[in-house]
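Each protein sequence line maps, in turn, to chains E and V. For the first sequence, full-length UniProt numbering assigns the number 1 to the initial residue and increments by one for each residue that follows. For the second sequence, full-length UniProt numbering assigns the number 1 to the initial residue and increments by one for each residue that follows. Positions of the beta carbon are idealized from the N, C-alpha and C atoms, including for glycine. Input: a single structure, listed below in structure tokens.
Protein chains: 2
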Amino acid sequence: MTDSKEIQFSKKRTWSHDLPISYLMQQGVENPGVLSLAAGLVDQNSLPVSITKSAFDSLFSDPGSARESLQYGTTAGSLSLRKLLLTHLTNLEQKSAEELGMTVDNFIVTTGSQQYLSLLGEVLLDPGDICLVAAPTYFVFLGVLQGLGARIISVETDESGMRMDSLDATLESLEAQGQLNRVKLIYLVSDYENPSGISLSIERRKQVVEVAQKWSKQHRIHILEDLAYRELCYDGPVLPSIRSFDQTGETVILTQTFSKSFAPGLRVGFGVASKRVCEAISDKKGNDDFGSTNMSQHILANALRENLYYDHVEYLRSVYREKRDCMLDAAEMYFSKLKDVHWIHPGGGLYVWMTLPDSIETGFQSSLFQKAIHEDKVMYVPGELCYAYDHWLGCNEQPAIQKNHMRLTFGVQNTQGIQEGMKRLANAVKSYL
Amino acid sequence: MTDSKEIQFSKKRTWSHDLPISYLMQQGVENPGVLSLAAGLVDQNSLPVSITKSAFDSLFSDPGSARESLQYGTTAGSLSLRKLLLTHLTNLEQKSAEELGMTVDNFIVTTGSQQYLSLLGEVLLDPGDICLVAAPTYFVFLGVLQGLGARIISVETDESGMRMDSLDATLESLEAQGQLNRVKLIYLVSDYENPSGISLSIERRKQVVEVAQKWSKQHRIHILEDLAYRELCYDGPVLPSIRSFDQTGETVILTQTFSKSFAPGLRVGFGVASKRVCEAISDKKGNDDFGSTNMSQHILANALRENLYYDHVEYLRSVYREKRDCMLDAAEMYFSKLKDVHWIHPGGGLYVWMTLPDSIETGFQSSLFQKAIHEDKVMYVPGELCYAYDHWLGCNEQPAIQKNHMRLTFGVQNTQGIQEGMKRLANAVKSYL
Chain E
1 MTDSKEIQFS
11 KKRTWSHDLP
21 ISYLMQQGVE
31 NPGVLSLAAG
41 LVDQNSLPVS
51 ITKSAFDSLF
61 SDPGSARESL
71 QYGTTAGSLS
81 LRKLLLTHLT
91 NLEQKSAEEL
101 GMTVDNFIVT
111 TGSQQYLSLL
121 GEVLLDPGDI
131 CLVAAPTYFV
141 FLGVLQGLGA
151 RIISVETDES
161 GMRMDSLDAT
171 LESLEAQGQL
181 NRVKLIYLVS
191 DYENPSGISL
201 SIERRKQVVE
211 VAQKWSKQHR
221 IHILEDLAYR
231 ELCYDGPVLP
241 SIRSFDQTGE
251 TVILTQTFSK
261 SFAPGLRVGF
271 GVASKRVCEA
281 ISDKKGNDDF
291 GSTNMSQHIL
301 ANALRENLYY
311 DHVEYLRSVY
321 REKRDCMLDA
331 AEMYFSKLKD
341 VHWIHPGGGL
351 YVWMTLPDSI
361 ETGFQSSLFQ
371 KAIHEDKVMY
381 VPGELCYAYD
391 HWLGCNEQPA
401 IQKNHMRLTF
411 GVQNTQGIQE
421 GMKRLANAVK
431 SYL
Chain V
1 MTDSKEIQFS
11 KKRTWSHDLP
21 ISYLMQQGVE
31 NPGVLSLAAG
41 LVDQNSLPVS
51 ITKSAFDSLF
61 SDPGSARESL
71 QYGTTAGSLS
81 LRKLLLTHLT
91 NLEQKSAEEL
101 GMTVDNFIVT
111 TGSQQYLSLL
121 GEVLLDPGDI
131 CLVAAPTYFV
141 FLGVLQGLGA
151 RIISVETDES
161 GMRMDSLDAT
171 LESLEAQGQL
181 NRVKLIYLVS
191 DYENPSGISL
201 SIERRKQVVE
211 VAQKWSKQHR
221 IHILEDLAYR
231 ELCYDGPVLP
241 SIRSFDQTGE
251 TVILTQTFSK
261 SFAPGLRVGF
271 GVASKRVCEA
281 ISDKKGNDDF
291 GSTNMSQHIL
301 ANALRENLYY
311 DHVEYLRSVY
321 REKRDCMLDA
331 AEMYFSKLKD
341 VHWIHPGGGL
351 YVWMTLPDSI
361 ETGFQSSLFQ
371 KAIHEDKVMY
381 VPGELCYAYD
391 HWLGCNEQPA
401 IQKNHMRLTF
411 GVQNTQGIQE
421 GMKRLANAVK
431 SYL
């Protein structure tokens, strides 16, 4: 009898090893004095304590509704919440449910929108299937794709988001290589993309639906639209989604979350998809957890029903607007005189994307990152994590991984922390110029 | 341009089609007058309304702890909760953490224990890998295995749970067929198995660790111990787990939930595994949702810390004991004169497993099921759903699927509903004798 045998993990387990998020979190833990402009948390002080308490109290003032929230829910999520989500979405789009071609049955509530992204990947992607993404894009979703064994192909991006001519050319090239049948998804963070802060222009939101449909020759190529930052808009109204330009709802799968606009600790997100995609997600989610936390859903439903949520979003916009302006002011103050350093002014979201001269690398192993964390006591997310590169496709077909960017967030620090962090970061950068 | 293309789902999506749980839930929805002895919900009236309110109020009385619960948590779950879980588990086992060979780092909090079961399957099982299960066993986990493309092989079971001689013989037979290298897991619901109500004897709990280690020739064969019903014991103390007989903790992976013993709407479960298995689960969970609902975890931590939880479990035992006795009394009253009908007296859990004469089938398509639901207005879970059968292995090697059982639950109905349901069910059965 032996008790020293090796574990034989599944093949897919080996694909989700060494994710950068783990390394980042570990750095945060190991270097407690470091001021983080990296952490993807939300602003601590503006979390909706009194609103949540009020919504909870209202829920628990009636034993019947309290018990309902403590019992199992359904896999797709609370029906009363899903009805409110439909209203919420039609308000955001300023279109009726009919115009949008959706009913409550198209909605599934998940553990943050992250779970929706993951479930969608599970039901659509086999190992070797292809997902097209912007360069740069949300690096945690790149980890999800990697964990599924999918091929990730980057598409060139400019100040209006993913370029439609590049997308079209990439699909054409894939067809020429006999790979079009492996393309399943185009992933887009339409509003204030994490990490770049760029929004996809309205014109391209229309175009991308047409491009996806044009290349859906052998099977449907879906667009997965991630609207995590949608409601955190600081300079203008909420933008219409890509989904709003897809009248049948057969091409675009939309996902949103209340993690950024309300409270991540409730873990409530949702997605909207066609009936067949919903069935697939629901079957997988039924196996995975039978449904997300029911009590959170009931609390959020009360906050939405009583308009507490909407007041909070207004308040949050003012909080984050101030913090964004603070970071941009600090960038101006500490970085504007540094040669070939520039950054994007985001109209919403939580991130400022900063570009250093080509010669300065920002990755985990770079001397800049190591100096910043150990000497200057400040941390950022290396931009290279946000680029995918498909080695099979080769270097002429897709944008190269860029190694001279930093993702800076104004989400978690207060204005003082933002200023101090930017000052420290400028110090670190200066020594490499 | 076309907009009518078929969706090409992933291969694994096709494996999780048509799960019986969906059919059961649909029957419940479509037949609202039906009295359900099938639904896997918990008793509605004993849900911990005032305890949850008290735990929430305590959490929200301090803005700092309130905010912490509304912020993102960590993928592995709240550290303060995991510390309490370690204490909780050592109390249940009546052994120290050292004796059990575990620390908080071995704990991962999940969305119910269901998510733990699913994650564990994901990180260990490739399509074609083998999991050994009792006959009968928890049918939702069979769905999880099916969704992963795993082979499920049944092992003979008697009134003391899975037979160790049969388990040993099955492994020997698999080795002879050159399939031992595909065996990854032995799945066991040790206490008051869903559906049979049978507990694995203490002797076999020791033996199964030895059997798993004996056959871990090429790689480690893990035992996945599902203790969902552990604390719902009505006739004696909590039993020591299989895990408690695995001193190094390298062989047994244990999972528990607060869905049955507290409130499923919080969706808090957890698992305990070796460091390497924890890393694998954590990586997958990081991609899937970054962590389960943080607020639920903080509420439960308060309930555990202030001993409110333990009082509630005592109370629940008395509630369910009465309901179990009610169902057994009703079985005696309505079924004892029916020839060749017998049932198991469970010492805990939520289920009574009833056996009809061999000639009476109970499946969804059987005339008994259809008559019960449409004429007698009562619903049960057909026993055959709880049996796996591996067609590759063949019929001589494993117990056949038995088609003459019913899983009856006393969880959701009150005593009046239980009596009425059993009366209706006896009526349905009688017409086939």
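In this structure, the straight-line span from the alpha carbon of residue 160 of chain V to that of residue 314 of chain V is close to 26 Å. Note on the segment 79 to 150 of chain E: whole beta strand (DSSP E) runs with a minimum of 3 residues are 107 to 110 and 130 to 134, in chain order.
CA-to-CA, the gap between residue 111 of chain E and residue 53 of chain E works out to about 21 Å. Per DSSP, reduced to three states, the secondary structure at residue 312 of chain V is helical.
What residue 6 of chain E touches in chain V, judged by beta-carbon distance under 8 Å, is 219 and 220, going in chain order. Shown here, residue 409 of chain V sits in a strand according to DSSP, grouped into three states. In the structure shown, residue 298 of chain V adopts helical secondary structure according to DSSP, grouped into three states. Less than 7 Å divides the Cβ of residue 73 of chain V from the Cβ of residue 291 of chain V. Look at residue 63 of chain E: its C-beta is under 7 Å from a C-beta on chain V. Around the Cβ of residue 257 of chain E, a 10 Å sphere holds 16 or more other Cβ atoms; the residue is buried. Going by C-alpha positions, residue 138 of chain E is about 13 Å away from residue 38 of chain E.
Segment contact: the segment 176 to 189 of chain V against the segment 360 to 374 of chain V, fewer than three CB-CB distances shorter than 8 Å; contact not assigned.
Uninterrupted alpha helix (DSSP H) stretches at least 4 residues long and entirely within the segment 145 to 189 of chain V occur at 164 to 176, given in chain order. Interface annotation, residue 205 of chain E: not in contact with chain V, CB-CB separation never under 7 Å. Residues of the segment 164 to 195 of chain V with a Cβ closer than 9 Å to any Cβ of chain E, in chain order: 181 and 184.
For the alpha helix (DSSP H) assignment, the uninterrupted runs of no fewer than 4 residues enclosed by the segment 332 to 390 of chain E are, from N- to C-terminal side, 367 to 371. Distances from the alpha-carbon of residue 242 of chain E to those of E:199, E:59, E:206 and E:228 put E:206 closest. Across the set E:146, E:423, E:142 and E:310, the C-alpha of E:423 shows the shortest separation from the C-alpha of residue 336 of chain E. Residues of the same chain with a CB within less than 6 Å of the CB of residue 275 of chain V, apart from the 5 flanking positions on each side, do not exist.
Between residue 352 of chain V and residue 185 of chain E, the alpha-carbon positions lie close to 47 Å from each other. C-alpha of residue 412 of chain E to C-alpha of residue 322 of chain E: approximately 13 Å in a straight line. One Cα belongs to residue 299 of chain V, the other to residue 40 of chain V, and the distance between them is close to 24 Å. Interface flag for residue 11 of chain E against chain V is set, since a Cβ pair is found closer than 7 Å. Beta-bridge pairing by DSSP links residue 226 of chain E to E:255.
Under the criterion of beta carbons closer than 8 Å, residue 16 of chain V and residue 287 of chain E qualify as touching, at roughly 6 Å. DSSP places residue 271 of chain V in the uninterrupted beta strand (DSSP E) bounded by 269 to 272. The C-beta of residue 14 of chain V has fewer than 16 other C-beta atoms within 10 Å across all chains shown, which makes the residue exposed. Under the Cβ criterion (8 Å, minimum of three pairs), the segment 402 to 412 of chain E counts as touching the segment 379 to 389 of chain E. Distance from the CA of residue 130 of chain V to the CA of residue 362 of chain V, rounded to the nearest whole angstrom, comes to 28 Å. Sequence-distant partners of residue 245 of chain E (beyond 5 residues in either direction) whose C-beta falls short of 7 Å from its own C-beta, in its chain, are 205, 206 and 209. Residue environment: residue 333 of chain E is assigned as exposed (fewer than 16 neighbouring CB atoms within 10 Å of its CB, all protein chains considered). Taking 7 Å as the cut-off, the beta carbon of residue 297 of chain V is found no closer than this to the beta carbon of residue 124 of chain V. For a Cβ distance threshold of 8 Å, residue set 44, 45, 47 and 49 of chain E lies close to residue 67 of chain V, ordered along the chain. Burial state of residue 283 of chain E is buried, judged by a 10 Å Cβ sphere holding 16 or more other Cβ atoms. At least one CB atom of chain V sits nearer than 7 Å to the CB of residue 264 of chain E.
Put simply, of E:374, E:342, E:421 and E:317 the residue whose alpha carbon is nearest the alpha carbon of residue 47 of chain E is E:317.
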